[in-house]
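Using UniProt numbering, the first residue of the sequence shown is number 1, and each one after it goes up by one.
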Amino acid sequence: MPQRSLHPRHPGRRAGRSARRRSAAPRARPSPPHPTPEHGGVDAMTAPSNDDRSLFTLIGDLPDTISSLVRAEIDQIKAEISYKVKHFGIGSGLVAGAAVVGVFLLFTLITTAIFALALVMPAWAAALTVSGVLLLIIAVLLWIAYVNFKRGSEPLESVESLKADLDALKGTGDYDRRY
């Protein structure tokens with residue numbers, strides 16, 4: 001009497017612990033006594049193929065094959081970009097959180113400086129001194145930013161070169177006319 005399968009997904013396999021166990025060593029397959037074309041022997045490249053498709057059929061299948069390959073590559077790129085964007089977003093959120101905490105730290109340090117100066121001078125003078133130092137720092141940073149913006153807004157030589165090239169194409173401007 002044949003043994004009935006007790007496993008719901010795999011007919012022929014018994015359910016339970018014994019079905020989940022696998023032997024430690026893989027089963028060895030017997031090799032053919034001598035190499036044949038079917039098993040990758042020396043004549044495998046010259047032996048006739050078992051594929052019944054003609055060359056024209058294979059060439060006809062080429063666009064579909066290339067199309068599916070391109071789709072697979074695009075799907076892989078989408079998955080990779082999605083993964084990277086997700087982690088970039090998490091990192092950006094954490095940096096924003098650290099910046100908010102940094103602003104609170106700055107407020108705390110300013111308050112600490114005011115309290116420290118209040119030990120040697122009146123509290124109003126300490127607050128005014130710390131505010132003056134902060135105003136001086138802001139002025140220096142804005143001046144440095146102004147200098148950098150001014151440098152960045154100057155026209156570049158490449159822009160001038162492009163304008164000269166356009167003038168030459170139009171036939172206007174200073175250039176050597178050779179006919």
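Ideal Cβ positions, reconstructed from N, Cα and C, are used throughout, including at glycine.
Residue i beta carbon near the ligand COA (any heavy atom closer than 6 Å)
{"i": "residue 132", "result": "Ligands in the displayed structure: none, and consequently the ligand COA is not present."}
Residues near residue i in its chain [Cβ-Cβ closer than 6 Å; skip 5 each side]
{"i": "residue 69", "result": "none"}
{"i": "residue 167", "result": "173"}
{"i": "residue 72", "result": "none"}
{"i": "residue 127", "result": "114"}
Nearest-angstrom beta carbon gap, residue j and residue i [assumed within contact, 8 Å]
{"i": "residue 164", "j": "residue 173", "result": "6 Å"}
Beta-carbon contacts of residue i that lie in its chain and below 8 Å, excluding the five residues immediately before and after
{"i": "residue 162", "result": "none"}
{"i": "residue 87", "result": "none"}
Residues near residue i in its chain [Cβ-Cβ closer than 7 Å; skip 5 each side]
{"i": "residue 113", "result": "130"}
{"i": "residue 145", "result": "none"}
- Message: Across the stretch 135-145 and the stretch 101-121, are there enough close Cβ pairs to call them in contact, namely three or more that are closer than 8 Å?
- Response: no
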